[in-house]
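2 protein chains.
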Amino acid sequence: MINPVDATDWREARRRSAREDILEAAWSLVADEGLTGLSLRDLARRAGITPPTVYAYFESKNAIYDAMFGQAATQFAEAAAQPFDCDDPQEVLVASVHRFFEFCMADPVRYQLLFQRVLPGFEPSADSYTPAVRALGFAREWLALNGVTEARHLDLWTALVIGLVDQQMSNDPGGTRWFGLVEETTSMFLTHCQASRNSRHPAPRPNQTKGLRS
Amino acid sequence: MINPVDATDWREARRRSAREDILEAAWSLVADEGLTGLSLRDLARRAGITPPTVYAYFESKNAIYDAMFGQAATQFAEAAAQPFDCDDPQEVLVASVHRFFEFCMADPVRYQLLFQRVLPGFEPSADSYTPAVRALGFAREWLALNGVTEARHLDLWTALVIGLVDQQMSNDPGGTRWFGLVEETTSMFLTHCQASRNSRHPAPRPNQTKGLRS
DNA sequence: GTCTATAGCTGGATAGAC
DNA sequence: GTCTATCCAGCTATAGAC
Chain A
524 MINPVDATDW REARRRSARE DILEAAWSLV ADEGLTGLSL RDLARRAGIT
574 PPTVYAYFES KNAIYDAMFG QAATQFAEAA AQPFDCDDPQ EVLVASVHRF
624 FEFCMADPVR YQLLFQRVLP GFEPSADSYT PAVRALGFAR EWLALNGVTE
674 ARHLDLWTAL VIGLVDQQMS NDPGGTRWFG LVEETTSMFL THCQASRNSR
724 HPAPRPNQTK GLRS
Chain B
524 MINPVDATDW REARRRSARE DILEAAWSLV ADEGLTGLSL RDLARRAGIT
574 PPTVYAYFES KNAIYDAMFG QAATQFAEAA AQPFDCDDPQ EVLVASVHRF
624 FEFCMADPVR YQLLFQRVLP GFEPSADSYT PAVRALGFAR EWLALNGVTE
674 ARHLDLWTAL VIGLVDQQMS NDPGGTRWFG LVEETTSMFL THCQASRNSR
724 HPAPRPNQTK GLRS
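Those sequence lines, one after another, are chains A and B.
Be aware that the first sequence starts at 524, since it is given in my numbering, and climbs by one per residue.
Be aware that the second sequence starts at 524, since it is given in my numbering, and climbs by one per residue.
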């Protein structure tokens, strides 16, 4: 009654589910012990299996980190893809930063893994990284809505946002000391970009593509 | 000819010198292996001694990290205390950020140790930390020269500076992509603070009802 | 796929001779 | 103070039975 295709699908689903159980245990473990505190012994105990079984699903400890990075990057992209319930471009921009704060502060370890280089010798694979790149594309979109398209202004914007978040998480975790500066910072930034546009010779061409990596 | 006091001083000097030799080897080691790559075996080998001898000068591995933090903080304070060869307040402010960039990029591991929380469970002792606090006082001074004294503007300033440096070191190490934005950022910031001062009452606190925990 | 058992190594830290 | 020798705990990863 069960044809080979169904059986294969079922096995595949079981395997994915087991992988996700292990990853769930991994997130729970690093939440308690820090990102570098992930050991295969503790992980296996928390997942209700034994250490060798972990190797049936991940070929190494770094592969686990990589899978976690992939999950985090996907969540980042999903959060960025959510629509906003406001129309004003500046409000959208502010809301995007608030959302980024929320995302980072909801899980500091996830933030560390995604945006800081804390694991010695770990580099995410291309597959795990691409969702994060996709998410950064949204920022470019929201800035364009506000007329900001110059490469150096995009760089300035990313520095502003990451600076606010970094200070918030380092010096006032759980508080709102830098979170409360988001509107003011955004206003400052947009005013600056506008002034920069007005004082320059004609507006930049719509199809400029120089130096726009990241 | 040699009185007891001199003999004591000489022994003290020798001991300090040996300590500094070990710390020098430690900096050299973490420069190669990363901050978390400091092992007492490798450290001893590089210092030309054996592991137990390290314990004659440091009571634990964390004590070594703490001494390194103290050195880094002292160097930070010394760099900040250097006078500037310009008088214009805004130029001084720009120069201070350039100097901070220089300090951070000259030794990325030192930057990690001082400004990022990368060592699991390591907290600098009060003695090692105080020089860093002293250095931060200079920033307040330079901002005051520019008429910036409000607490939230100081917070904004630290976020701007750390954001630029962080992006530079994470995404363009060895380059000048964000370093080149320092002047423009400073100008933007000062313009904003001035406008905020000129308007009668200070900018309203942003409403924090976006569902973030407080 | 999951287990028991263990290899093989590295880590921080200590004992005790000299 | 410095050494040799060593302890003990932790780690990643593998072998092989079931």
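Built from N, CA and C at the ideal position, the CB exists for glycine as well.
Chain-ordered chain A contacts of residue i [CB-CB under 7 angstroms]
i, result
"Pro643/B", "Gly557, Thr559, Gly560"
"Leu566/B", "Residues of chain A passing the Cβ test: none, with the nearest at roughly 16 angstroms."
"Arg675/B", "Leu704"
Chain-ordered neighbours of residue i on chain B, where CB pairs are closer than 8 angstroms
i, result
"Asp689/A", "Ala682, Ile685, Gly686, Asp689"
"Leu659/A", "None at all; the shortest Cβ gap to chain B is about 11 angstroms."
Chain-ordered neighbours of residue i on chain B, where CB pairs are closer than 9 angstroms
i, result
"Ser693/A", "Phe638, Gln639, Arg640, Ile685"
Cβ separation of residue i and residue j, assumed to be a contact under 8 angstroms, to the nearest whole Å
i, j, result
"Phe599/B", "Ala682/B", "The pair is not a contact, with the Cβ atoms about 18 angstroms apart (cut-off 8 angstroms)."
"Ser619/A", "Ala554/A", "Incorrect: roughly 26 angstroms between the Cβ atoms, too far for contact."
"Leu687/A", "Trp701/A", "5 angstroms"
"Met692/B", "Met628/B", "7 angstroms"
"Val520/A", "Glu706/A", "Residue coverage of chain A in this structure runs from 524 to 737, which leaves residue 520/A outside it and unanswerable."
"Asn669/B", "Gln613/B", "6 angstroms"
"Ala595/A", "Leu637/A", "5 angstroms"
"Asp565/B", "Leu552/B", "6 angstroms"
Exposed unless 16 or more other CB atoms sit within 10 angstroms - verdict on residue i
i, result
"Trp533/A", "exposed"
"Leu735/A", "Here the model assigns Leu735/A a pLDDT of 34, short of 50, so the residue's position is not dependable and the matter cannot be decided."
"Asn721/B", "exposed"
"Pro782/B", "Residue 782/B lies beyond the residue range present for chain B, which begins at 524 and ends at 737; the question has no answer from this structure."
"Asp589/A", "buried"
"Pro654/B", "buried"
"Tyr634/A", "buried"
"Ser611/B", "Here the sequence assigns Asp to residue 611/B, which means Ser is not the residue at that position. Flag for Asp611/B reads exposed."
"Cys716/B", "buried"
"Tyr580/B", "buried"
"Asp689/B", "buried"
"Gly703/B", "exposed"
"Ser562/B", "exposed"
"Thr732/B", "In this prediction, Thr732/B scores a pLDDT of 42, lower than 50, which makes its location untrustworthy; the coordinate-derived value is nonetheless stated afterwards. Per the 10 Å Cβ criterion, exposed."
"Thr708/B", "buried"
"Gly660/A", "exposed"
"Ile525/A", "Residue placement at Ile525/A cannot be trusted, given a pLDDT of 49 that sits under 50; what the coordinates show is reported in the next sentence. By the 10 Å Cβ count, Ile525/A comes out exposed."
"Ser651/B", "buried"
"Glu543/B", "exposed"
"Ala649/B", "exposed"
"Ala726/A", "For Ala726/A, the predicted structure reports a pLDDT of 47, less than 50, and the residue's modelled location is therefore unreliable. The matter cannot be settled from this model."
"Gly698/B", "exposed"
"Asp678/A", "buried"
"Gly593/B", "buried"
Contact list for residue i against chain B, beta-carbon separation under 7 angstroms
i, result
"Leu552/A", "The contacting residues do not exist; Leu552/A stays about 13 angstroms from chain B at best."
Contact list for residue i against chain A, beta-carbon separation under 9 angstroms
i, result
"Trp665/B", "Ordered by position in chain A, no residue passes the 9 angstroms Cβ test against Trp665/B, which lies about 18 angstroms from the chain."
Any non-hydrogen atom of the ligand ADP within 7 angstroms of residue i CB
i, result
"Val577/A", "Of ligands this structure carries none, so the ligand ADP is not represented either."
Listed by chain order, chain A residues near residue i by CB distance under 8 angstroms
i, result
"Asp678/B", "Gln690, Arg700, Trp701, Leu704"
Minimum length 4: unbroken alpha helix (DSSP H) runs contained in the stretch 583-668 of chain A: 584-604, 612-629, 631-638, 649-668
The stretch 606-625 of chain B: positions lying closer than 8 angstroms to chain A by Cβ: Residues: none.
Contact set between the stretch 699-712 of chain B and chain A, restricted to residues whose Cβ is under 9 angstroms from the partner: Arg700, Trp701, Gly703, Leu704, Glu707, Thr708, Ser710, Met711, Phe712
Whole alpha helix (DSSP H) elements within the stretch 672-725 of chain B, 4-residue minimum: 674-694, 705-721
Ranges of the beta strand (DSSP E) found wholly within the stretch 541-576 of chain B, counting only runs of at least 3: none
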